[in-house]
Amino acid sequence: MYRGIDHDPVFVTDGDRLAFEGLLAEAAGDELFELHAYCPMGNHYHLLVRSTGATSAAMQRIGSSYTHLFNERHGCDGPLFRSRFRSVPIDDDDHFVRAACYVHRNPM
Numbered sequence: 007m008y009r010g011i012d013h014d015p016v017f018v019t020d021g022d023r024l025a026f027e028g029l030l031a032e033a034a035g036d037e038l039f040e041l042h043a044y045c046p047m048g049n050h051y052h053l054l055v056r057s058t059g060a061t062s063a064a065m066q067r068i069g070s071s072y073t074h075l076f077n078e079r080h081g082c083d084g085p086l087f088r089s090r091f092r093s094v095p096i097d098d099d100d101h102f103v104r105a106a107c108y109v110h111r112n113p114m
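The sequence shown runs 7 to 114 under my numbering.
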């Protein structure tokens, strides 16, 4: 999970979400991680990924690229996300299924 500073929105328009999804697809295509579930919320997002060892680098790349795009689109400057992304290791298949359900049901 990556949350906006002061809980401010990180996705304002559908175009923001599409731009972010493009960055996710690019990172997955570059095999920086395997993307299994994704949920954009107003001020944060959830991902369920399988690490290929480059997850931290991928998250940094996605975060900085998206921040640059967001700032250009909305006339902002400075950081968009607060601190580092939060990750939780998945222990087994049951945990994976529960995590996927959580991510997919998060907007409800």
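The beta-carbon is built from N, C-alpha and C at its ideal position, and this holds for glycine as well.
Per DSSP, the bridge partner or partners of residue i
i: residue 40; result: 56
i: residue 50; result: 9
Buried or exposed by the 16-neighbour rule on C-beta atoms within 10 Å, applied to residue i
i: residue 11; result: exposed
i: residue 103; result: exposed
i: residue 80; result: exposed
i: residue 63; result: exposed
i: residue 16; result: buried
i: residue 72; result: buried
i: residue 108; result: exposed
Identity of the residue in the options nearest residue i by Cα
i: residue 52; options: 86, 42 and 89; result: 42
i: residue 91; options: 40, 78 and 67; result: 67
i: residue 40; options: 47, 46 and 32; result: 32
i: residue 111; options: 18, 19, 47 and 21; result: 47
i: residue 60; options: 34, 109 and 19; result: 34
i: residue 23; options: 8, 45 and 9; result: 45
Simplified DSSP state of residue i, which is helix, strand or coil
i: residue 9; result: strand
N- and C-terminal bounds of the alpha helix (DSSP H) containing residue i
i: residue 86; result: No alpha helix (DSSP H) contains residue 86, which DSSP labels as neither H nor E.
i: residue 111; result: 99-111
i: residue 23; result: 20-35
i: residue 67; result: 61-80
Any C-beta of chain D under 8 Å from that of residue i
i: residue 9; result: Judged by its chain identifiers, the structure shown contains no chain D, having just a single protein chain.
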